[in-house]
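Quick note on the numbering used here: the sequence shown kicks off at 2 and runs consecutively. Read through the structure below, which is laid out as structure tokens, and then see the notes.
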Amino acid sequence: MRTGEPLPAVEDVLAALGTGLWHWDTATGLVTVDAVAARLLGLPAAQVTLTEAQVRARLHPVDWNEITGVVRLAVAEGTLAEVRIRIMDDHQHVVRVVRSRSKPSFDSVRRAYVLTGTLQEVTDPMPGTPAGRRAVTGDWRRSREAFLLDAGRALAEARSTQEVLRVAANLSMPGFSPDGLAVFGVEGAHLTIIGHHGHEPGADNPFYMPLDTDYPAAEVVRTGRAVYLSSPEQYKARYPLTWPLAQRFGRQSWAFLPLTASGRTMGAWLAAFAYPVAFTPDERSVLTTVARMLAQALSRAGTAESERALSEGLQRTMLPKLGAGIPGMSIAARYVPTGGGLQVGGDWYDVIPLPNGRFAMVIGDVQGHDVRAAGLMGQLRIALRAYSSEGHRPDAVLSRASRFLHGINEADPAELRFATCLYVEVDPVSGVLEVARAGHPDPVIRMADGTVLARPTAGGLPLGIDPDADYPTTRFVLESGETVLICTDGLIETGGHDLESGWQRLRALLEGHKGTQEELADALVQAVHGPSSHHTTGPLADRREDDIAMMLLSREGEGCGCGAESAPPPARRTMLTVAQAEPERVSVARQQLRELLHDWSSPDQVDSAVLLLSEVLTNVLVHTDTDALLLAEVTGGDDGRRIRIEVTDAGDDLPHVRRPGELASSGRGLVLIELLAHTWGVAPRGRGKSIWFELYETEETGAG
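Written out as structure tokens, the structure is:
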């Protein structure tokens, strides 16, 4: 061509180079190709307009799906759409491989893609060249899909930012894997680094920079578009000011991708390669997909970490610090939130100093495991502290608390909640415990020799149901060396257990434990939430999870595990009141006695003791107008163990041994005692009397 002559037409130049033109509008579904493009598609060499279905029939089915993905990616990144396509004949054989390049745009009004591009036949590059890779094949696609599935699953399971970064550092991409990674975040108007892999310590220091810096990651955060740098020359030419930051790492290619979650660019992800990478559309597609998953995982992890910090801080403010210095006693407590949500719920415990020199232990559970439950818990805890500090008795404290919660429920009927609660007033000098219970599990006593008894207590409705509910008080003594456990139902029922099976699981642990009070508290939590809990599931089908709150109060002495040892007290003791209006508590007394004698060597003696106890208690209820007080005590000596059972009432009439006739309906109680007990007696008191009997641990069933 001589100087001054006009340039040839573009169509002629492209035809001379074997390059065809095509135009595709997805709104109409039509593709227009010129003669060269038609020939490359295996059609007669003439300009023609085809439907998408006609074009698709000439392409490998895998490649058609690749085209749609590359087009979307190019529009999102504002780059060219480049893809290799296999052309098929009528027998589904590959006749040639062509390369398509286009600059797609998206029409938001018609919601359609519009593309004009070129089509040119190519041969596969030689292996080992920087851009060398074969046309997309089914095997490569399957490898990519498998990788993305594995990566998505691993990132979805990451629970913290550090776990997300660790997963990202271990990703092995199909055909190309970066050996250096960095995740950038944004703090105000500055770019920071959240974490990195494949860089020496201290490599994150230079990355704290203003967002307007001429640096690839800063540009990605500002624009929301990815930056691909295939060579050091390209990096140096495009970002000369910050090239020294990357030069010292000796990498050959870099990809900076936006981390976008919920439409907001929250940072950038750097993938650096030690070898040249051409960043073909397939490779960009993989990197973009990983970046999106990484952004979602980081967003979830950040939200979870914020929620955990909030819940832990909230719980710390609501749970008391256990003060030391209670004379003769020690306290251990634990709170374990349920595994889901904010990890804060309605369970709580508290220790409250009282005006009379005593202190109160409170444990409770507001219905629910959400923010409202936590809020009500905080309000109820403050109310209980206020009523206790006024000097009210345990029953009055719970009555006022129930009226308080009922008033909150009336103000918001759509969110009715109730709460269970156990309130224990403790006299540290005498060891007397006064217990009021509102729908809560009974306390449990661990005696000095390890024997464990559930201590039945009178109770009322859960708080908040009835503003006029009554909460009777039960009094018993914590002997030297004994420990009382109070807890919420989460400690008992978690792991598919009901109240019965869950109690048996805890009882075995309590009786077998030999360590300190703090070690016992840890062991109880581990039995429910530790690895062993998966081997001790209960009879229920679902492994129910619930918050756990628990407190252990020990009175110093041998066996309590609280540090101070003294002379051993009577080995075991239980006390119980049977009122005239509560004859059903006779069965509770029988059960208490059986638990007290759970390791007695003679089952026949246990049956005898239970029978005699029933007779004595029934005589009090039938022949007097007073209540009966049961005291059962097991002692040990050089000659073996003995059980002493004493029932006291306020009646004045002393019982006498009679010889009832064959048809008599009463009068046999003392006869049975005389036959089955080793020794017995009747002792008058200042007001009333007591009947007692003793059995010595032998293999015999009677005194004989």
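We put the CB at the ideal spot given by N, CA and C, even for glycine.
Could you give the distance in angstroms between the alpha-carbon of residue i and the alpha-carbon of residue j?
{"i": "Tyr229", "j": "Ile194", "result": "19 Å"}
{"i": "Ala704", "j": "Val433", "result": "Because Ala704 sits at a pLDDT of 44, beneath the cut-off of 50, its placement in the model cannot be relied upon, and the following sentence gives the value as read from the coordinates. Near 36 Å, if we compare the C-alpha coordinates of Val433 and Ala704."}
{"i": "Leu793", "j": "Ala333", "result": "Beyond the ends of the chain as shown, which are 2 and 705, falls residue 793; an answer cannot be given."}
{"i": "Val427", "j": "Ala509", "result": "27 Å"}
{"i": "Gly153", "j": "Ala183", "result": "19 Å"}
{"i": "Pro128", "j": "Ser101", "result": "In this prediction, Pro128 has a pLDDT of 37, which is less than 50 and means its spatial position is unreliable; nothing more can be read from the coordinates."}
{"i": "Pro241", "j": "Gly19", "result": "38 Å"}
{"i": "Glu483", "j": "Met448", "result": "5 Å"}
{"i": "Pro685", "j": "Val611", "result": "23 Å"}
{"i": "Val14", "j": "His61", "result": "29 Å"}
{"i": "Asn410", "j": "Val672", "result": "58 Å"}
{"i": "Pro338", "j": "Leu553", "result": "18 Å"}
{"i": "Ile353", "j": "Arg386", "result": "7 Å"}
{"i": "Ala75", "j": "Trp23", "result": "17 Å"}
{"i": "Ala10", "j": "Gly21", "result": "14 Å"}
{"i": "Leu598", "j": "His393", "result": "38 Å"}
{"i": "Ser609", "j": "Glu695", "result": "11 Å"}
{"i": "Ala305", "j": "Thr162", "result": "9 Å"}
{"i": "Trp601", "j": "Val607", "result": "7 Å"}
{"i": "Ile446", "j": "Arg688", "result": "31 Å"}
{"i": "Ile493", "j": "Glu585", "result": "25 Å"}
{"i": "Asp26", "j": "Ala310", "result": "52 Å"}
Tell me which residues share the same chain as residue i and place their Cβ nearer than 8 Å to its Cβ, disregarding the 5 neighbours each side in the sequence.
{"i": "Asp1", "result": "Residue 1 is absent from the structure shown; the chain starts at 2 and stops at 705."}
{"i": "Val123", "result": "Arg85, Val98, Val99, Arg100"}
With a cut-off of 8 Å on the beta carbons, I'd call residue i and residue j a contact; round off their distance for me.
{"i": "Gly329", "j": "Glu557", "result": "5 Å"}
{"i": "Leu149", "j": "Ala298", "result": "13 Å between Cβ atoms; not a contact."}
{"i": "Leu166", "j": "Gly186", "result": "That belief does not hold up - the Cβ atoms of Leu166 and Gly186 are roughly 12 Å apart, past 8 Å."}
{"i": "Pro414", "j": "Ser390", "result": "Their Cβ separation, rounded to whole angstroms, is 31 Å, which puts Pro414 and Ser390 out of contact at 8 Å."}
{"i": "Arg626", "j": "Gln581", "result": "According to the sequence provided, residue 626 is Asp. The question's Arg does not apply to it. Going by Cβ atoms, the distance from Asp626 to Gln581 rounds to 7 Å, so yes, they are a contact pair."}
For residue i, report the span of its alpha helix (DSSP H) as first-last.
{"i": "Lys237", "result": "233 to 239"}
{"i": "Arg111", "result": "Taken as a continuous stretch (DSSP letters only), Arg111 belongs to no alpha helix (DSSP H), as it is neither H nor E."}
{"i": "Trp601", "result": "Segment: none, Trp601 is in no alpha helix (DSSP H) and carries neither H nor E."}
{"i": "Arg394", "result": "Element bounds for Arg394: n/a, residue is neither H nor E."}
{"i": "Leu597", "result": "586 to 597"}
{"i": "Gly715", "result": "There is simply no residue 715 to check, as the chain begins at 2 and stops at 705 in what is shown."}
{"i": "Ser502", "result": "500 to 513"}
{"i": "Ala528", "result": "518 to 530"}
{"i": "Ile466", "result": "Taken as a continuous stretch (DSSP letters only), Ile466 belongs to no alpha helix (DSSP H), as it is neither H nor E."}
{"i": "Asp366", "result": "First-last for Asp366: 360 to 367, but that is the beta strand (DSSP E), not the alpha helix (DSSP H)."}
Is any heavy atom in the ligand MG found nearer than 7 Å to the beta carbon of residue i?
{"i": "Gly482", "result": "In the structure on display, the ligand MG does not appear, and there are no ligands present to speak of."}
Return the first residue and the last residue of the beta strand (DSSP E) that residue i is part of.
{"i": "Met576", "result": "573 to 579"}
{"i": "Glu695", "result": "690 to 697"}
{"i": "Phe477", "result": "474 to 478"}
{"i": "Tyr350", "result": "348 to 354"}
{"i": "His24", "result": "20 to 26"}
{"i": "Ser254", "result": "254 to 262"}
{"i": "His191", "result": "191 to 198"}
{"i": "Val221", "result": "Not the beta strand (DSSP E): Val221 falls in the alpha helix (DSSP H), residues 217 to 224."}
{"i": "Val430", "result": "First-last for Val430: undefined, no H or E at that position."}
Can you list, in chain order, the residues of its chain with a C-beta nearer than 6 Å to that of residue i? Leave out the 5 residues immediately preceding and following it.
{"i": "Leu423", "result": "Ile364, Arg438, His441, Ile487"}
{"i": "Ala296", "result": "Leu260, Thr261, Ala262"}
{"i": "Gly461", "result": "Ala439, Ala470, Asp471, Tyr472"}
{"i": "Ala629", "result": "Val579, Leu618, Val621, Val648, Asp650"}
{"i": "Leu31", "result": "Thr50"}
{"i": "Gly491", "result": "Asp547, Asp548, Ile549"}
{"i": "Gln368", "result": "Arg418, Phe419"}
{"i": "Thr33", "result": "His24, Thr50"}
By the 10 Å Cβ neighbour count, where 16 or more other Cβ atoms means buried, how is residue i classified, buried or exposed?
{"i": "Ile383", "result": "exposed"}
{"i": "Asp499", "result": "exposed"}
{"i": "Gln48", "result": "exposed"}
{"i": "Glu1", "result": "Since the first residue of the chain shown is 2 and the last is 705, residue 1 is not available in this structure."}
{"i": "Arg506", "result": "buried"}
{"i": "Gln593", "result": "buried"}
{"i": "His370", "result": "buried"}
{"i": "Leu42", "result": "buried"}
{"i": "Arg59", "result": "buried"}
{"i": "His92", "result": "exposed"}
{"i": "Thr69", "result": "exposed"}
{"i": "Pro202", "result": "Caution is warranted here: a pLDDT of 48 is assigned to Pro202, below 50, making its placement in the model unreliable, and no coordinate value can be reported."}
{"i": "Leu677", "result": "buried"}
Who are the Cβ neighbours of residue i in its own chain at under 7 Å, not counting the five residues just before and after it?
{"i": "Ala275", "result": "Asp180, Arg252, Gln253"}
{"i": "Gly465", "result": "Ser403, Leu406, His407, Asn410, Arg418, Phe419, Ala420"}
{"i": "Pro277", "result": "Pro131, Ser231, Ser232, Gln253, Ser254"}
{"i": "Ala16", "result": "Val37"}
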